[in-house]
Amino acid sequence: ESSLKVTGIDLLKSQNTQEHHTNGYNIKNLVVRRGQPFQVQVSLNRELRADDKLTLRFGIGENPMKNRGSLLSLKPEREDFNGWKISMVKRNGKECLLSVTSSPNAPVGKYNLHVKTGSNIYKPENGVIYLLFNPWCEDDVVYMANEAEKEEYVLNDTGYIYVGSAYSIYDRPWNFGQFEEFVLDACMYLLDKSNLSLTERRDPAHVSRAMSALVNANDDSGVLLGNWSGNYINGTSPMDWIGSVMILQKYYKTKKPVRYGQCWVFAGVLNTVMRCLGVPCRCVSTFDAAHDTEENLRVDIYLNEKGEKLNSLSFDSVWNFHVWNDAWMKRTDIPNGFSGWQAIDSTPQEQSQGRFQCGPCPVKAVREGDVYLPYDAKFVYAEVNADRVYWVVKKVNGKDKYFKVGMETQAIGKNISTKAVGQNRRVDITREYKYPEGSKEERMSMERANSFIRPSGLMPRSGYASTMQTLGVNTQPLVLKEPVTKTGLHLEITNTEPLHPGNPLEMAITVKVSAPGNWTVNLTGSCQLQYYTGKVQANLGTIKETINLEGPSEMQIPMKIAPDAYMKTLSSVEDEVLILITAIAEVKETNDKLTKETSMRFQYPPITVQMPETARLYNDFNCAFIFKNKLNVTLENCKLLVEGLGIFKMTTFEQGDIMPGRIMKSEIVCTPTRLGEKKIVAKLISNQIKGISTEKGILIT
1 ESSLKVTGID
11 LLKSQNTQEH
21 HTNGYNIKNL
31 VVRRGQPFQV
41 QVSLNRELRA
51 DDKLTLRFGI
61 GENPMKNRGS
71 LLSLKPERED
81 FNGWKISMVK
91 RNGKECLLSV
101 TSSPNAPVGK
111 YNLHVKTGSN
121 IYKPENGVIY
131 LLFNPWCEDD
141 VVYMANEAEK
151 EEYVLNDTGY
161 IYVGSAYSIY
171 DRPWNFGQFE
181 EFVLDACMYL
191 LDKSNLSLTE
201 RRDPAHVSRA
211 MSALVNANDD
221 SGVLLGNWSG
231 NYINGTSPMD
241 WIGSVMILQK
251 YYKTKKPVRY
261 GQCWVFAGVL
271 NTVMRCLGVP
281 CRCVSTFDAA
291 HDTEENLRVD
301 IYLNEKGEKL
311 NSLSFDSVWN
321 FHVWNDAWMK
331 RTDIPNGFSG
341 WQAIDSTPQE
351 QSQGRFQCGP
361 CPVKAVREGD
371 VYLPYDAKFV
381 YAEVNADRVY
391 WVVKKVNGKD
401 KYFKVGMETQ
411 AIGKNISTKA
421 VGQNRRVDIT
431 REYKYPEGSK
441 EERMSMERAN
451 SFIRPSGLMP
461 RSGYASTMQT
471 LGVNTQPLVL
481 KEPVTKTGLH
491 LEITNTEPLH
501 PGNPLEMAIT
511 VKVSAPGNWT
521 VNLTGSCQLQ
531 YYTGKVQANL
541 GTIKETINLE
551 GPSEMQIPMK
561 IAPDAYMKTL
571 SSVEDEVLIL
581 ITAIAEVKET
591 NDKLTKETSM
601 RFQYPPITVQ
611 MPETARLYND
621 FNCAFIFKNK
631 LNVTLENCKL
641 LVEGLGIFKM
651 TTFEQGDIMP
661 GRIMKSEIVC
671 TPTRLGEKKI
681 VAKLISNQIK
691 GISTEKGILI
701 T
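So for the sequence shown, full-length UniProt numbering puts the first residue at 1; every next one is plus one.
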């Protein structure tokens, strides 16, 4: 009597991946989501009889064992094993069609499938099945009800990251590329590298925390090495990436950290990793984000007597923008009411439990002031809620003295932004992170947060401020209001001409007083170039004026910086720099003081993309990139970087120098390999400008 043997297995890839929304993954293996049935066709050497024993075995990890839950042994007639189920759909001669449903909280990862019949074990080729989180399954903690949101936060492989400054926000197109070749394998490698236990792999809170640690290379030779030094000679400048694909592919190939990243690169890569693993995720940009090293909800900014910001004194900083991620999940490890979006951040800023990792922190906990909840809620709360205090450092009898010239309580955590669902536009989600400024809810939230965070007394804190005597009063009211001045003093900073590199920078400071009377105002203004992290790169110029105002009235004071003052700096830095204008106004009669700062970005001519609206699968089409240099300066060492997921791999065109008025044109022949809406992203980099990017969509039929 011949013993029962398996002669073949069909994992029915096209049918299963269609049903599991995994048909995008560019991989030989079967990729399925947990908690949802998939079918397997088993071919046998003879018909199945009642006394035959047929078992499907799924093993995860190095040495799968039943008692550890890493080996699942499923028999069609036995209902349930660790929440997994298997049933016979139909038998047809020597063929049987089986349906397997994994547990909705199964550990995610790679499972080896073997089929056991009696004492025979059959090992299919490509028998490794990838099991992911499932936002389509109601019993999975990452379940997301809205179809359009899943389309955006799980399946969209392109998007935007918002950067710039609160005064001028712009979108940087980014290719997430979670379905590209080797990206899923890179994520699985990170999961293995994380040393998460099987139990932890069930939970997206543990997985997302581990990924926030592994996307930076700081303590675990993870994916990306952060570098804010301005020197990227032995790597890729953070400005030169246009997506996550090359980064993850290179990391998977070399298993060594890729050089270099800054916050939007870390956020872009973490977004790819989370979407790839099946956790809904979005990139979130906060403008004027505090990096509050001491968790005292205060960031001190030091100015010299000319009103120029000083780098050397501050431990804390305010970043023009900072990008992190929100991942969607039900939190089972904390009290109810904090499910939904959770902030996670892979930019290495501060250590948490001994590693550079941040989150998941419930966005609701930030809004409600429940900053005791895990993980890292105090840090995230401070990023969007700290106060900014300005100090002028003056020499008095040869010693540095600090004078407080302003305080802003509503300047941090502005315009919190992400890409809209299903649309190519920015949506403001500040309300998800904080209540309206000045509202009753905001005050209650702040009091709640302050009961867990100890705000320090009001004195400057810097490298050598600790030895000084305290200035003024050492107590701080719980909710600091903007200082109400006797004169109703108000400052506004604007640019009066477009800020084109090579042209003079023309700005204006408007001084307003609303109280009647004659007022003498001393105005100090400075213009500097700074990195987005708030680090000053160059001082460009200052003004000092005394003006007389008959209140209520206003006066506009112009400020003009010649191109020679900044072009050399602009050409020598590897990063995109912003223009920082700081103004200090003091009313002589009342001693009212006010400080205001605004960051602006340079404005650039656009790149245009010419190509058809639609194209057919595997049929070539032409795509042209056109750029006219409308600036008054030659752009040196121009490079055009282009990438189209499912159309062509990342390509770099060396363009040399582009003189003023000259037009550059580059063409590429494209062969689409995937159906649906696809995007082409282009970016132009030169010595003078770092950030011109554009994108264009095409429908592949």
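For every residue, glycine included, the Cβ atom is placed at its ideal position computed from N, Cα and C.
A290 and V299 do touch by the CB rule: their CB atoms are close to 5 Å apart, below 8 Å. Collapsing the DSSP output to three states places F315 in coil. A check of alpha carbon separations from M611 across L699, K394, F338 identifies L699 as the nearest. Secondary structure of Y167 (DSSP, three-state): coil.
Distance between A217 and R355, taken at the CA atoms: about 11 Å. Runs of alpha helix (DSSP H) with 4 or more residues, each lying fully within the stretch 4–33, are found at 13–19, listed in chain order. In this structure W324 is in contact with D345, their Cβ atoms being roughly 4 Å apart against a cut-off of 8 Å. The Cβ-Cβ distance between I561 and V511 does not fall below 8 Å. Counting only residues of its own chain and dropping the five nearest sequence neighbours on each side, L594 has a CB closer than 7 Å to the CB of G406, T485, L489, L491, A585. Cα atoms of L578 and L313: separation of roughly 21 Å, rounded to the nearest angstrom.
If you look at W264, you'll find it isn't in any beta strand (DSSP E); it sits in the alpha helix (DSSP H) that goes 263–277. Here E667 has N622, C623, A624, F625 as same chain residues with Cβ atoms under 8 Å from its own Cβ, once five neighbours each way along the sequence are excluded.
Annotation for Q423: no residue places its beta carbon closer than 6 Å to its own, counting only its chain and skipping 5 residues before and after. Partner residues in a beta bridge of T634, as assigned by DSSP, do not exist. Excluding five sequence positions before and after H206, the CB atoms of its chain that fall closer than 7 Å to its own CB belong to L196, E200, given in chain order.
Excluding sequence positions up to five before and after G8, its CB lies within less than 6 Å of the CB of S43, all in the same chain and listed in chain order. T652: not part of any alpha helix (DSSP H); member of the beta strand (DSSP E) spanning 648–658, first to last residue. In this chain, V577 is not harboured by any beta strand (DSSP E), its DSSP state being neither H nor E. Contact between K639 and Q655 holds, since their C-beta atoms are separated by about 7 Å, short of 8 Å.
In the three-state scheme derived from DSSP, where H, G and I count as helix and E and B as strand, P204 is classed as helix. The straight-line gap separating the alpha-carbon atoms of L98 and N67 is approximately 25 Å. DSSP, reduced to helix, strand and coil, places R331 outside both helices and strands of the structure shown, so it counts as coil.
Of A327, Q357, A343, K364, the smallest CA-CA separation from P335 is found for K364.
Under the three-state reduction of DSSP, F133 is assigned to coil, being neither helix nor strand.
When C-alpha distances from L270 are compared across A343, E308, F287, the shortest belongs to A343.
The Cβ atoms of S317 and T582 do not sit closer than 8 Å to each other. Counting along the chain, no alpha helix (DSSP H) covers F58; the unbroken beta strand (DSSP E) around it starts and ends at 54–60. Here L155 is near G24, since their CB atoms are less than 8 Å apart. Under the three-state reduction of DSSP output, L214 falls in the helix class. By the CB criterion at 8 Å, L225 and Y260 fall inside the cutoff. Taking each of M444, T569, A210, V393 in turn and checking the Cα distance to D370, the smallest one comes out for M444.
Fewer than three pairs of CB atoms, one per stretch, sit closer than 8 Å, so the stretch 77–89 makes no contact with the stretch 158–174. Under the criterion of beta carbons closer than 8 Å, I557 and A508 qualify as touching, at roughly 7 Å.
Annotated as proximal: C283 and G159, with beta-carbon spacing under 8 Å. By DSSP's assignment, A538 forms a beta bridge with L529.
Beta-bridge partners of A515 (DSSP): none assigned.
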